[in-house]
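What follows is one structure encoded as structure tokens, with my remarks underneath.
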Amino acid sequence: MTHFEDLSNEILLEIFDYVNGYDIYKSFHNLNSRFQQFLTSSSILFKIKLCSETISNLEECCETVIIPNQHHILSLDIKDGIFVNNFFKYCSVNASFYNLQSVILRDILIELAVDPLLHLKSLPNLLSLTLICQLLFPKDISNIYRLIFSLPTLKYNKISLEELNYEYDDINEINISLPVGIPDQQFSTIEYFVINHECAFDELIFILCHTPQLRHLICGNLLQTEQNVEDEQIPTLSYLKHIRIDCCYLDFNDFERFIKKVSPQLQRLRIKPNFNKAYLDADRWERLITNYIPHLDTLICNCYQHNFIIYEDRSLHLIINQFSSPFWVNKGWIFEIFIDCRIIHFSIHSSKKTCFIFDETKETMMPHSKSNNLVIQLEIQSFASNPKRNQSLIDNYKFMFDSIKFTHLTINCETISSDMFIQIIEMLPHLVSLHILSIPIIQNNADVLHRVSLKNKITKVKLEKITEIEQVMFILCLCRCMKHFQINENVPHLTCLCINISNNNEHILNELQNLIDTEYLLDNYTMKLVGHNIILQLY
């Protein structure tokens with residue numbers, strides 16, 4: 001048996017890459033001379049994690065572990081505000097930490113972050129900084145941003161603010177005021193910026209004016225500003241290719257002005273605006289993309305609204321059907337509507353795949369493949385437990401089902417009957433693909449099932465949960481045009497499977513047998529062709 005201390009240095013380095021550097025040093029430094037020599041060699045760099053729950057004496061930790069190994073530390077992750085400030089009191093972080101590339105400071109009051117940032121300025125190779133701060137009262141955090149921008153080698157920065165005092169519910173919890181006209185030496189080197197706090201439009205402009213090297217921007221909450229932002233104040237960032245805004249309260253006019261100016265080479269845009277019809281204006285999006293961000297290949301725009309407001313708006317189909325223009329069809333992008341009991345979500349996206357992947361080594365079976373039509377997906381994730389309430393929901397959305405040509409449906413039928421499920425299918429005559437997350441409660445209504453089965457055009461079906469063979473038979477009877485069928489459920493006691501084929505073709509039998517044998521799918525089985533049926537028997 002091989003002992004741990006006999007492992008090669010290369011293997012030890014791989015193992016230690018996943019272990020807290022503080023624990024490594026305390027556990028192995030005094031084990032033997034081999035480990036003493038290894039832990040002081042230039043080949044090892046420590047990832048140090050410190051918190052008050054695991055370190056009883058921080059001063060001793062700094063004196064015995066941190067300071068003697070300052071040139072061996074690759075990253076520092078320190079949790080707890082008082083712990084953070086005491087660390088910088090006991091340990092002078094300076095140019096001697098020349099291998100330190102990443103610093104994470106957690107749970108620190110925002111006003112106490114100034115002193116640590118002053119220490120970090122002397123680090124020669126700091127590439128990544130994450131600040132997870134706490135906010136007691138509304139504050140001006142301009143100085144925090146000035147210090148961040150002064151870090152000479154920083155490439156990645158994330159700053160998060162957590163509100164601790166909920167008595168202050170003013171939307172402008174913080175204030176950022178930075179000069180727009182700045183000398184070159186005050187520009188930041190940041191390329192990847194995560195702003196995880198409320199930020200007004202004019203404050204975002206201040207920040208972007210200081211980050212000309214920015215390539216990737218994530219903004220948590222972007223707020224409408226009371227200050228007027230002129231077009232000439234919006235910087236053009238030559239390297240910015242990715243923008244994500246998790247919650248956007250800008251009106252579309254300001255958002256449009258921002259996108260027109262900030263990044264003509266933008267490739268990925270993800271935005272979640274507060275519901276505003278302007279964000280669903282296909283013509284405006286088309287002009288914006290064509291004329292100002294022609295390199296955009298990924299667009300994800302998600303907005304939502306309460307159901308009762310949508311019920312009253314009978315023009316929704318006119319907005320959505322604008323996305324059937326050649327521009328959107330040629331892009332191959334998808335319009336999706338997501339419905340639950342209270343909220344309706346609207347989504348335009350180009351990157352989210354649908355569920356139909358039958359063979360990842362061959363063709364990806366997407367509902368819009370080889371189609372000249374717009375893909376409009378409908379997803380109904382949750383129904384109420386009350387049948388009358390569910391029927392009311394369907395009745396209220398009937399105008400939308402009638403006027404919009406949905407081509408794909410994802411539905412959770414756990415709390416509805418098969419009659420209601422069939423009713424929904426009948427109301428969506430343009431469906432070509434169906435993803436069922438949970439099979440409905442089966443009821444015996446053969447006449448309705450037969451009528452709908454003759455009318456629907458569904459060719460692709462995927463099932464997630466089945467408990468009885470009757471559920472599979474129900475879907476087979478409903479979707480008579482089906483060409484692709486996938487069941488994502490293990491059937492542990494299955495002993496016989498019969499597949500009906502259109503002609504007596506032994507080639508199909510041989511292909512199936514070859515697939516089972518080459519992929520080692522089954523051990524003991526027989527397969528034979530009887531008439532138009534392939535019978536697979538398991539032992």
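Once you know that position 344 of the sequence shown is 344 in full-length UniProt numbering, the rest is easy, because the numbers rise by one and skip nothing.
Just so you know, even glycine gets a beta-carbon here, dropped at the ideal spot from N, CA and C.
Which of helix, strand or coil DSSP assigns to residue i
i           : result
residue 527 : strand
residue 235 : coil
residue 516 : helix
residue 368 : Bear in mind that the predicted position of residue 368 carries a pLDDT of just 44, short of 50, making it too unreliable to give a figure here.
residue 360 : At residue 360, the pLDDT of 39 sits below 50, so the modelled position is not reliable; the number obtained from the coordinates is stated separately. Residue state, collapsed to three classes: coil.
residue 34  : helix
residue 414 : coil
residue 386 : coil
residue 477 : helix
residue 78  : strand
residue 281 : coil
residue 263 : coil
residue 89  : helix
residue 533 : strand
residue 323 : helix
residue 64  : helix
residue 396 : helix
residue 269 : strand
residue 58  : helix
residue 467 : coil
residue 109 : strand
residue 8   : coil
Rounded Cβ spacing between residue i and residue j (contact assumed at less than 8 Å)
i           : j           : result
residue 348 : residue 335 : 6 Å
residue 512 : residue 534 : 7 Å
residue 210 : residue 188 : 5 Å
residue 410 : residue 437 : 7 Å
residue 45  : residue 73  : 7 Å
residue 422 : residue 461 : Not confirmed; about 14 Å, so no contact.
residue 47  : residue 75  : 5 Å
residue 264 : residue 292 : 6 Å
residue 9   : residue 43  : 7 Å
residue 58  : residue 87  : 6 Å
residue 110 : residue 139 : 6 Å
residue 267 : residue 290 : Not really, about 15 Å apart at Cβ, beyond 8 Å.
residue 627 : residue 251 : Any answer about residue 627 is impossible in this case: the structure gives the chain only from 1 up to 539.
residue 244 : residue 218 : 5 Å
residue 49  : residue 20  : 5 Å
residue 248 : residue 280 : About 14 Å; that fails the 8 Å criterion.
Own chain residues within Cβ distance below 7 Å of residue i, not counting five before or after
i           : result
residue 331 : 350
residue 91  : 62, 66 and 67
residue 305 : 275 and 344
residue 107 : 79, 80, 81, 132 and 134
residue 369 : A caution first: residue 369 carries a pLDDT of 45, below 50, which makes its placement in the model too unreliable to give a value.
residue 474 : 418 and 442
residue 326 : none
Identified DSSP bridge partners for residue i
i           : result
residue 337 : 346 and 378
residue 227 : Bridge partners of residue 227: none, in fact.
residue 216 : 192 and 242
residue 51  : For residue 51, which the question treats as bridged, DSSP gives no partner whatsoever.
residue 448 : BP columns for residue 448 are empty, so no partner.
residue 435 : 410 and 462
residue 102 : 75 and 128
residue 484 : 460
residue 156 : 128 and 192
residue 423 : None; residue 423 has no bridge partner.
residue 46  : 73
residue 134 : 109 and 162
Same chain, Cβ closer than 8 Å to residue i, five either side skipped, listed in chain order
i           : result
residue 261 : 231, 234, 235 and 236
residue 416 : 383, 387, 390, 440 and 441
residue 376 : 320, 323, 334, 335, 336, 337, 404, 405, 406, 407 and 408
residue 464 : 435, 436, 437, 438, 488 and 489
residue 56  : none
residue 32  : 5
6 Å CB neighbourhood of residue i in its chain, flanking five on each side removed
i           : result
residue 216 : 192 and 242
residue 434 : 409, 458 and 461
residue 85  : 112
residue 526 : 537
residue 102 : 75 and 128
residue 380 : 339 and 411
residue 427 : 401
residue 14  : none
residue 16  : 24
residue 448 : 422
Beta carbon proximity, residue i to chain D, threshold 8 Å
i           : result
residue 385 : Structure shown: chain D not included; a single protein chain is present.
Counting Cβ pairs closer than 8 Å, one from the stretch 83 to 97 and one from the stretch 143 to 153, do we hit at least three? no
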